[in-house]
Structures are given as C-alpha cells and as structure tokens.
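Residue numbers (our numbering): 305 to 619.
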C-alpha cells in the first residue's frame, strides 16, 4: 500500500548572488526557491515517497515557475491554491566563513500567509487532508497562521487524527516569525500533543523551552504523548526516543561545511522516507545523517539531483 504524505507550509523565492551584505554587481541576481517543509518534501519525493505540497501561491510568473520546479521534482502540486493578485514571499541567505547562515525575509503579505489566515479556506484544507495518511508540518507553518485560524485548524486536525491521520512535526523555532514566546509555546505544544512523530533540533528546544540537555527534551516529548521522537544534535548525531527507550545514533563529521541551510530539512526528508518504507529508527537516522552531511557541502538547501548520495550511504 502506497503511503500518501501531505506536507503543509510555505515555499519562497530565494535571492542568490548575495554576499557580504550586498548584491553582487558582477552578474545578475537569480532566483532559487526554498522553505523548510518544501525542502523536506523534495527530498522525500526523490527518495520515493508520494508527496503532495499544500500551500498557496499567486497568479504571477514567479508562482508558476515555482509550481513547475516542484513538479519537476515529482512533488504533487495539485493541492497548491492559487490566489489572484497575490505573490510568493522572498528571502535572502547570507552565510559566514563557517557555513552558518542568516536570513532576511519579505513575507508579510505572501500568498501562503494570506491563505493561512483565511478561515473559509481552512475547511477546504481539512477536507482535502482526509485523503492522506501522513501530515508533515513545522513550527514555521504554525507561525504563519492567524489566531482564530490556528484554533480551527487544531480542532479539525484533532478530528482527522482520531480518524487515522498520522502527524509528523518539527518545531523549527524561528523567533522572528512569532509575535512572542507564549504564542509559540501554546501552538507548538498543542500540535505535539496530537503528533505521532517529532523531529526537533535540540538548539530550538534550548532556545524556546530552555532545556539544558537532550534528555530533558526527550522526557518532555514523552509527556506530550509523542511515541517516536528523534532529537537532532548537529555534529553529535541524533537521539532516538521510542516508548521510553533512548539511543544516540552518531554521525560522521564533515570536514568542511559550506552551507548549513537545509541540514535539518534534508535529515527529516530522508528519515521519513526510510521510516515510512519500513526501516528501523536507527537505519532511518543513518540515512538522515548521510543526506544532511552531503547537503551541507553545497550552497543552498536543495542539492543537484546528481549529488544525491547513492544508496544513502549504503543504509
């Protein structure tokens, strides 16, 4: 039986050829694309999952270009909502000498944000999700939602979960996207309490929940009722937590990190692809490490198709 995965979020245009705080005059700027959940969706599709991306775009040429690009990656775009006169968001990445990145965003009026405030559209979204087995979303997805929209989304999602939908969640906490910490905690904890699987990064847990150790994070996630949790620890590996058991799955450190953009997103994509295909948590973690370790040796969140590691490092 084929597992149908719905991925909910926002993908934006990425402005490249931006270095050291200015736009290079040596060549024209060009656009790429990226967004945490979309990045994961692309890697899931490359690794054989049947993935549909749920978002909204405009009726402009850039939106159509995005749809064409996603379709070329075998990501199903039939669930993309087109909003007349709206446009996708835009962001710029700057990376330092260690490959760490910082972002500048122009997304306040993006099509996806408008859509995730539209309560009439919410009912259509919940109805369409009935056809899927798994929903993958992130804290960034939640941060885009209006207040009343989120409460309606939560109630509808609880009903879908009771009917069999599995929820996979990554906190992916970005403070600039939230009005305040209290709202972030409320929404994130509410979704975690109905999630079957969580794929958080420990740095985010330290930032929002002030956890001192991964074991604290693991205990809190078990208290929420999350049955399967993988806590990403960067170069230290990942802590697999399942029904009270914990195991650290180490990774091979990369000698030179070019760009850490998309490391967690690619890990999540590979982990889910392997796990939903029947692999153990440990094997799925190793696949995630392998792909993330490859991605950080390239610029941008989505690497060329021919750069995908063969056999995901023989996992």
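For every residue, glycine included, the Cβ atom is placed at its ideal position computed from N, Cα and C.
Fair warning: this is a prediction, and the values are worked out from it, not measured in the lab.
Three-state secondary structure (DSSP) at residue i?
i: residue 348; result: helix
i: residue 539; result: helix
i: residue 337; result: strand
i: residue 544; result: strand
i: residue 322; result: At residue 322, the pLDDT of 48 sits below 50, so the modelled position is not reliable and the matter cannot be decided from this model.
i: residue 696; result: This structure cannot settle anything about residue 696, because the visible part of the chain is limited to 305 through 619.
i: residue 444; result: helix
i: residue 613; result: coil
i: residue 358; result: strand
i: residue 315; result: coil
i: residue 342; result: helix
i: residue 396; result: strand
i: residue 489; result: helix
What are the start and end residues of the beta strand (DSSP E) that includes residue i?
i: residue 371; result: It is not in any beta strand (DSSP E) - residue 371 instead sits in the alpha helix (DSSP H) that spans 365-376.
i: residue 452; result: Not the beta strand (DSSP E): residue 452 falls in the alpha helix (DSSP H), residues 451-466.
i: residue 436; result: Neither: residue 436 is in no beta strand (DSSP E) and is coded neither H nor E.
i: residue 472; result: 470-474
i: residue 552; result: 549-553
I'd like to check one pair, residue j with residue i: are the Cβ atoms closer than 8 Å?
i: residue 439; j: residue 430; result: no
i: residue 348; j: residue 568; result: no
i: residue 353; j: residue 335; result: no
i: residue 425; j: residue 471; result: no
i: residue 593; j: residue 548; result: no
i: residue 488; j: residue 512; result: yes
i: residue 570; j: residue 372; result: no
i: residue 450; j: residue 420; result: yes
i: residue 314; j: residue 416; result: yes
i: residue 369; j: residue 357; result: no
i: residue 600; j: residue 564; result: yes
i: residue 623; j: residue 307; result: In the structure as shown, the chain begins at 305 and stops at 619. Residue 623 is therefore absent and cannot be evaluated.
i: residue 586; j: residue 545; result: no
i: residue 395; j: residue 423; result: no
Using the DSSP secondary-structure output, state which residues sit across from residue i in a beta bridge.
i: residue 505; result: 536
i: residue 558; result: According to DSSP, which records beta bridges pairwise, residue 558 is partnered with nothing at all.
i: residue 386; result: 361
i: residue 380; result: 356
Output the boundary residues of the alpha helix (DSSP H) element that contains residue i.
i: residue 571; result: 567-580
i: residue 595; result: 585-599
i: residue 521; result: 518-528
i: residue 605; result: Looking at the DSSP string, residue 605 is not in any alpha helix (DSSP H), and its letter there is neither H nor E.
i: residue 417; result: 415-419
Requested in this report: Count the CB pairs spanning the region 514-534 and the region 485-503 that are closer than 8 Å, and state whether there are at least three.
Outcome: yes
Query raised in the report: Can at least three beta-carbon pairs, one atom from the region 535-542 and one from the region 506-525, be found at a separation below 8 Å?
Result: yes
Query raised in the report: Counting Cβ pairs closer than 8 Å, one from the region 404-414 and one from the region 369-387, do we hit at least three?
Result: no
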